[in-house]
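Structure first, then comments.
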Amino acid sequence: MGLAFWFTVIPLIAALLILILPKLDKAVYRTIALSGGILTLVLVLAGWFAFDGRTNVVQLAGRIPWFTLPGLWHGHNLVVGLSFGVDGLSLPLATMTAVVGLLALLAVPKDRDRGKENYFWLSLALTGLMAVFTSQDLFTFLVALELVLFAVFFLVYLFGETGHQQAAVKFLIYRGFSTVAFMVALVGLAWAAAGGYAAGNANVSNAVFTLNIPTLTATLHQAVSQWLSPAAASALFLVLLLGVFIEEAFVPFHTWLPTTHEHADTSTNMLIGGVVTKTGAYVLLRFGVGMLPGEVRHWGVMLAVFGVINILYGAFAAWSSKDWRRLIAYSGISHMGLVLLGVAALNSAGLQGAMFMLISSGLLTALLFFLTGAMKDRTTTLTIRSLGGLSKSMPMLSGFLMVAALGSLGLPLTSGFISEIQAFIGGFATYPAISFVGALGVVLSAVYMLYAMERTTFGPTAEGFLQLADARPFEYLPAVVLTGLVLLVGVYPDVIGHLFGLSAQALLRIGG
Amino acid sequence: MVEYAWLAPVLPLVGYVFLLALGRRAAEGLVAGVSVILTFLSFLVSLAVFTALGAHPDVTGTYTMRWLTLGAHSIDVGFQVTHLNALMLVVVSAVSTLVFLFSKGYMHKDERFPVFYQYLNLFVFSMMALVVSPNLLQLYIFWEMVGLCSYLLIGFWYFKPEAALAAKKSFIVTRLGDVGLFIGIILLFLSSGSFDYSTVFQAATTGHLGLSWITPADLTTLTGILVFVGAAGKSAQFPLHVWLPDAMEGPTPVSALIHAATMVAAGVYLVARMYPLFVASGTALTVVAWVGGITALLGALIALTQRDIKRVIAYSTISQLGYMMMGLGVGAYAYGMFHLFTHAFFKALLFLAAGSVIHAVDTQDLFEMGGLGKKMRITQWTFLFGALSLSGVFPWAGFWSKDSIINATLQSGHMTLFWIAEIAAFCTAFYIFRVYFLTFHGKPRDESKMAHAHEGSWVMTVPLIILAVMAFIAGLFNTGLNNFGLQRYLMADSPTGLIGKVYPDNVPLMIISVTVALVGIGLAALMYWKPVISAEKLARNLSGLYRLSFNKFYLDEIYYGVVVWTGKLIAGIVDFFDRYILDLIVRMLGRLGYMGGVGLKYTQTGQVQTYSVIAFFGIMILLAIAMFHVGGVF
Amino acid sequence: MTGLGGPLFPIPTGSLLALGALLFCIGLFGALTRKNLIIVLVSIELMLNAANINLVTFSRLGVNPSLSGQVFSLFTITVAAAEIAVGLALLLAIFRLRRSSEVQDLNVHKW
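Line by line, the protein sequences give chains A, B and C.
Residues 676 to 1187 in my numbering are what the first sequence lists, from first letter to last.
Residues 9 to 642 in my numbering are what the second sequence lists, from first letter to last.
Residues -14 to 96 in my numbering are what the third sequence lists, from first letter to last.
Encoded structure:
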């Protein structure tokens, strides 16, 4: 069985183990969840060695048949399988999921009241996220999205702060809609591919109805150009795009994200900000660019304009945020706007920049949420106005926060910069005027981040904050790991760059 | 030797890593000692590279490794040594070494002494890496890194709210310029297919710099101006100069190193490095010249009336950077760099001397000082050397370089700029001697603070003396005495004369310039040394002008009122829209669902028989449809 | 005549079906309108028996008339007996709890 199969199965086993074990000490559940997380990470890292970086084909694949729908399409059986594998785009994303997931598990307070449930849902969310990024089968993919949806719903619902129930419901409804849109669009794509195949072969009995993603990617653009009417293709794409917009919290469908972040606890925030908000962009790359490149080109101007709107809207909204968590949420929206711009550009720099941005934004958001969470444990508040002078009592945490903030505003030698410049190179190549406006975001990100930093770590220290403790030993691990990765990608981008480059080239070849 | 030039930036990096490993509690002597020794070694390397290049002008080379692949393009990092780079390496490492030594005394007993040296080492590394960059992307990377170090060092005393604000302001204002550079670099990359200087210049000079939406000539001008916007942000050129005076909130050695000698000169360096591009577009060069001229005058005018010793020197820096830009803008490439070279020494000297004063009296207000000359002989004399050099009095260093620039404006036919330069020169002489007389002569205006004033230890005085010597002799590197060695050295970068012109000495002009400077000094002496003319009276008579100068032409207020306020307004509107319009719609939709549920719940009577009746009629209707519409069921 | 000995009085199929339909309608009307739970249960029995009549009637028809319809009605009667036993037991329990056997009073599922 392929290695990628176990990326998903290990956390699932951990989750089920936690579920079936009777009432035990919290530490037991913690150990199980952490072991699952560590094992997953080890396997993913092993995956880097097993992965052949010279080609973008799906590797480390594992598949077991799940069920069969007999005679679904012109007498052919549809075999639905649990099918996993990684290519150049999936592997770094899976790695980020494993890292952020493990650190999110670590960030759960040891004395959590309902520890069993927390670890269970977290492990389940990790399972779902892994499956989203490694699925090679549409059915598995959609199931995984649903899994993420309700696991995160429960995490927010059960472990948030005042107002978390409403926030969780908001999350559920929004993301539920996006899943519906994905389901419609993706099944539509599978149907279009089969129809196109049938038309191309003039013999319906040869038609194959498949949910296999690589096969679909290989056959679909032909089907679209030969068989599907332009209106139908556009409709499919727009439905998919609607799902992406909601899933990714793009303006104007973004209001769930700040609300959720404001009310969720630290570990959930790390997971949401780090990984859950990256699935939509993944769908856009995998299914939008990968299967409907013509439509991406056709709607390119609209995508680019929305990208810039997101960059600026997110930045301005972050500027006026009064709470760190809302600020981080909006800065994430701003970053994702850049992803949209890069995708719209539809050239190697743009796509590569978008992929880098997924990783960069994921790492930085998780880091920011971890650090602000650690501060909140001490100061009990994250209202920017009421903080100040934290450098005095917690110099190390403040230092890490500074690195994270600088990464977030795109300082060179952090991952933020390398993503930003590639996305903008792509953007300027295709849409110079729109990108020109978008470049304003580079200044704005400095404005809101440094404004928040000035009010948080600089300035006179309030009386109540003088005696606060700096980072404890176990808090160093997440901070150091995430900071290290941010700097690694920034200093030597080729570490993931060559994989993303292959993926971007492969995606660009699809359109012909 | 040239192939070892990478050692120059790497040595401070080693220092940074070493200090980082030592931690925040390391001993002051160890920290400072290691830093000074490593920087000094870096200086020796730079000097060796500089001389090696002088002996064999053709060995300039590029050494690179792959960093990132972007489609078909490979992006490299590495280092390149040209004559310009070699000169910058020497200037940066020399001033750094002296400032490192000085800081040992100045920052003594500061709680975060090791952190201060960490930041400084990181800065020196970044600055040198910037200088030796073989391509625009690497330049931009370290361009931002030096900006970061500047930010961290301005905000070094983080507990001071003014320092925090100043740090933020410096980063954001320079970032505003950096966006221009960012876009410029991207456009250059897209049009020439490479970040490498040589490729870009090749394309620019042969007119091959083209994109589909713009003509090659326009693109050259556009990218030139965008690059200059970046340079203007870093080098505090009008209208992006507002951050530099505020940056004086940082410790004084930082002001000397970063905000006088090196980082702020990076903008000038950038324009010089990109000179073929500017030459290819005459318009861009004209913009550089005029912005430089305006900045030179504006900085000098504001400096006339400031009360804070460091702010006067800061505005002086702005003004002098304007001179350099003007020099480059009128085509005098070598003179612009020559002024950068001399300015680095005499301005660092002025700042360090001011630091020595501040260290002694613990105030920065000129009107609380006075009579310090008796207690601080060395500081007084070295400051005087710096002031004479800045004023452009023969034969101090500033005289040679500034006069070359003024000469170039005249010879190249920019008469307006020539007059601007002369007026600014007059103001320069006046304001710096105003500072000198107010600080070192007359009676102490605040006895309590003067009482304890004394000279610092040798670590502080030795750098002052060395810099004073340099401020005196640095100008001689480009005179008839050595057959104009510096300009010949610099022009070797492009033997074809692509990088501007040089002009023969103009003795009548020299006499005029020195006279202007002496008149300025004389006026300052009459107002502040032997008060023949009352400064207050003059200020009252010219109250409009005085207030304009004292309030820095209200540029801060204009910025706040226009840029910041607009931004905040938009942010507020976005916030309002987000909360009360967009989220309202979302909540209304949610409400709609809820209302629907509330409405429909009344059908839930709990009466089984009612349900059954409805089900019965439902089945009847379905059967009826089946029978009459679809047909064939019965 | 069929091979099952033939009826004593050959009642026409239509009449039997009409009887079934009538019985069903009476039962349905009773089940939907009567207030007392016992009467409702009785009405339900009526509907079941209407179904039984139909089963028996239809067993005469077809190309191969067979006994299976009549056998099926026996099953139905059995099930009906079980059902009425459960129904009555529930009724008793409800009556003990609520002191009422009126249908309108059983509205715990109201909004």
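Glycine is no exception: its CB is placed at the ideal position from the N, C-alpha and C atoms.
Just checking: is the beta-carbon of residue 184(B) within a distance shorter than 7 angstroms of some beta-carbon in chain A?
Position 176 of the second sequence, counting from 1, holds the residue named residue 184(B). Yes, its Cβ sits closer than 7 angstroms to a Cβ of chain A.
Rounded to the nearest angstrom, what separates residue 98(B) and residue 346(B) at their Cα positions?
Residue 98(B) sits at position 90 when you count from the first residue of the second sequence. Residue 346(B) sits at position 338 when you count from the first residue of the second sequence. C-alpha separation (whole angstroms): 13 angstroms.
Spatial neighbours of residue 28(B) within its chain, please: C-beta separation below 8 angstroms, excluding the five flanking residues on both sides.
Against the second sequence, residue 28(B) aligns to sequence position 20. If we look at residue 28(B) and ignore the five residues flanking it on each side, its Cβ neighbours are 126.
Taking C-alpha atoms, which residue in 73(B), 120(B) and 103(B) lies nearest to residue 30(B)?
Sequence index remark: in the second sequence, residue 30(B) carries index 22 (1-based). The residue with the shortest Cα to Cα distance from residue 30(B) is 120(B).
May I ask you to report which of helix, strand or coil DSSP gives residue 740(A)?
What you label residue 740(A) is simply residue 65 of the first sequence in a count that begins at 1. Strand at residue 740(A).
Tell me residue 86(B)'s beta-bridge partners as DSSP assigns them.
Numbered from its first residue, the second sequence carries residue 86(B) at position 78. Beta-bridge pairing links residue 86(B) to 72(B).
Out of 24(B), 269(B), 277(B) and 129(B), state which residue places its alpha-carbon closest to the alpha-carbon of residue 139(B).
Within the second sequence, residue 139(B) is the residue found at index 131, counting from 1. Looking at the Cα atoms, 277(B) is the closest of the given residues.
Hey, quick one: how far does the alpha helix (DSSP H) through residue 625(B) stretch, first residue to last?
Sequence index remark: in the second sequence, residue 625(B) carries index 617 (1-based). Segment 616 to 633, the alpha helix (DSSP H) holding residue 625(B).
Give the DSSP-derived three-state secondary structure of residue 90(C) in the structure shown.
In the third sequence, counting from the first residue as 1, residue 90(C) sits at position 105. Helix.
Shorter than 7 angstroms from the beta carbon of residue 613(B) to some beta carbon of chain C?
Here residue 613(B) refers to the residue found at position 605 when the second sequence is read from its first residue. Closer than 7 angstroms: yes.
Is it a yes or a no for the stretch 945 to 953 of chain A touching the stretch 820 to 840 of chain A, going by three-plus beta-carbon pairs under 8 angstroms?
Taking 8 angstroms as the limit for Cβ pairs, the verdict is that the stretch 820 to 840 of chain A does touch the stretch 945 to 953 of chain A.
In chain order, what residues of the same chain have a beta carbon less than 7 angstroms from the beta carbon of residue 75(B), not counting five sequence neighbours either side?
Numbered from 1 along the second sequence, position 67 holds the residue referred to as residue 75(B). Answer for residue 75(B): 83, 84 and 85, listed in chain order.
Who are the near neighbours of residue 939(A) in its chain, counting only those whose CB is closer than 6 angstroms to its CB and skipping five residues on each side?
Working through the first sequence from its first residue, we reach residue 939(A) at position 264. Closer than 6 angstroms at Cβ, skipping near neighbours: 831 and 835.
Quick check: the Cα distance between residue 1147(A) and residue 211(B), rounded to an integer number of angstroms?
As a working mapping, residue 1147(A) is identified with position 472 in the first sequence. As a working mapping, residue 211(B) is identified with position 203 in the second sequence. If I take the Cα positions, the gap works out to 56 angstroms.
Secondary structure at residue 249(B), three-state DSSP: helix, strand or coil?
For the purposes of this step, residue 249(B) is taken as the residue at position 241 of the second sequence. Three-state DSSP puts residue 249(B) in coil, outside helix and strand.
Starting from the Cα of residue 54(C), find the closest Cα among 37(C), -6(C) and 81(C) and give me that residue.
Numbered from 1 along the third sequence, position 69 holds the residue referred to as residue 54(C). Per the Cα distances, 37(C).
So for residue 591(B), helix, strand or coil by DSSP?
Taking the first residue of the second sequence as position 1, residue 591(B) is located at position 583. Helix, per DSSP.
Check whether the Cβ atoms of residue 970(A) and residue 908(A) sit closer than 7 angstroms, and answer yes or no.
As a first step, residue 970(A) is located in the first sequence; it is residue number 295 there, counting from the start. As a first step, residue 908(A) is located in the first sequence; it is residue number 233 there, counting from the start. A contact, by the Cβ cut-off of 7 angstroms.
Just to make sure I have the definition right: I need the residues of chain C whose C-beta is within less than 8 angstroms of the C-beta of residue 624(B). Which are they?
Taking the first residue of the second sequence as 1, we reach residue 624(B) at position 616. The contacting residues are 13 and 17.
Could you tell me whether the Cβ atoms of residue 86(C) and residue 22(C) are closer together than 7 angstroms?
Reading the third sequence from its first residue, position 101 is the one you call residue 86(C). Reading the third sequence from its first residue, position 37 is the one you call residue 22(C). Their beta carbons are under 7 angstroms apart, which means residue 86(C) touches residue 22(C) by this criterion.
Is it true that the CB of residue 152(B) sits closer than 7 angstroms to the CB of residue 1087(A)?
Here the question's residue 1087(A) lines up with position 412 in the first sequence. Here the question's residue 152(B) lines up with position 144 in the second sequence. Result yes, Cβ atoms of residue 1087(A) and residue 152(B) sit closer than 7 angstroms.
Quick test of the definition: if touching needs 3 or more C-beta pairs under 8 angstroms, does the stretch 458 to 476 of chain B touch the stretch 547 to 564 of chain B?
No: fewer than three Cβ pairs fall under 8 angstroms.
Report all residues from its chain with a CB closer than 8 angstroms to the CB of residue 38(B); omit the five preceding and five following residues, and keep chain order.
Along the second sequence, one-based indexing puts residue 38(B) at 30. Excluding sequence neighbours, residue 38(B) sits near 30.
By the criterion of Cβ-Cβ separation under 9 angstroms, what are the contact partners of residue 610(B) in chain C?
By one-based count along the second sequence, residue 610(B) stands at place 602. Chain C residues near residue 610(B): 96.
Quick one: does residue 1086(A) have its CB under 7 angstroms from some CB of chain B?
Working through the first sequence from its first residue, we reach residue 1086(A) at position 411. For residue 1086(A), the answer is yes, since a Cβ of chain B falls inside 7 angstroms of its Cβ.
Does residue 118(B) come out as helix, strand or coil in the three-state DSSP assignment?
Looking up residue 118(B) in the second sequence gives position 110. Residue 118(B): coil per DSSP, three-state reduction.
Give the straight-line distance between the Cα atoms of residue 716(A) and residue 182(B), rounded to the nearest whole angstrom.
Residue numbering aside, residue 716(A) sits at position 41 when the first sequence is read from its first letter. Residue numbering aside, residue 182(B) sits at position 174 when the second sequence is read from its first letter. Going from the Cα of residue 716(A) to the Cα of residue 182(B) covers about 41 angstroms.
Could you give the first and the last residue of the continuous beta strand (DSSP E) run that contains residue 397(B)?
For the purposes of this step, residue 397(B) is taken as the residue at position 389 of the second sequence. Careful: residue 397(B) lies outside any beta strand (DSSP E), inside the alpha helix (DSSP H) at 385 to 399.
If we count the other Cβ atoms within 10 Å of its Cβ and call it buried at 16 or more, is residue 516(B) buried or exposed?
Residue numbering aside, residue 516(B) sits at position 508 when the second sequence is read from its first letter. So residue 516(B) counts as exposed.
Within the same chain, show all residues whose beta-carbon is closer than 7 angstroms to that of residue 445(B), passing over the 5 residues directly before and after it, in chain order.
Reading the second sequence from its first residue, position 437 is the one you call residue 445(B). Cβ neighbours of residue 445(B) beyond the five flanking positions: 532, 533, 536 and 537.
Does any C-beta atom of chain B lie closer than 7 angstroms to the C-beta of residue 745(A)?
Numbered from its first residue, the first sequence carries residue 745(A) at position 70. Answer no: the Cβ-Cβ gap between residue 745(A) and chain B never drops below 7 angstroms.
Within this structure, are the beta carbons of residue 1017(A) and residue 1098(A) separated by less than 7 angstroms?
Within the first sequence, residue 1017(A) is the residue found at index 342, counting from 1. Within the first sequence, residue 1098(A) is the residue found at index 423, counting from 1. Yes; because the gap between Cβ atoms is below 7 angstroms, this pair is in contact.
Which residue marks the beginning of the alpha helix (DSSP H) containing residue 680(A), and which one marks its end?
In the first sequence, the residue the question calls residue 680(A) occupies position 5. Unbroken alpha helix (DSSP H) run through residue 680(A): 678 to 695.
Could you tell me whether any Cβ in chain B is nearer than 7 angstroms to the Cβ of residue 49(C)?
Residue numbering aside, residue 49(C) sits at position 64 when the third sequence is read from its first letter. Not closer than 7 angstroms to any Cβ of chain B, the Cβ of residue 49(C) fails to qualify, so no.
List the residues that DSSP assigns as beta-bridge partners of residue 755(A).
Here the question's residue 755(A) lines up with position 80 in the first sequence. DSSP output for residue 755(A) lists 742(A) as bridge partner(s).
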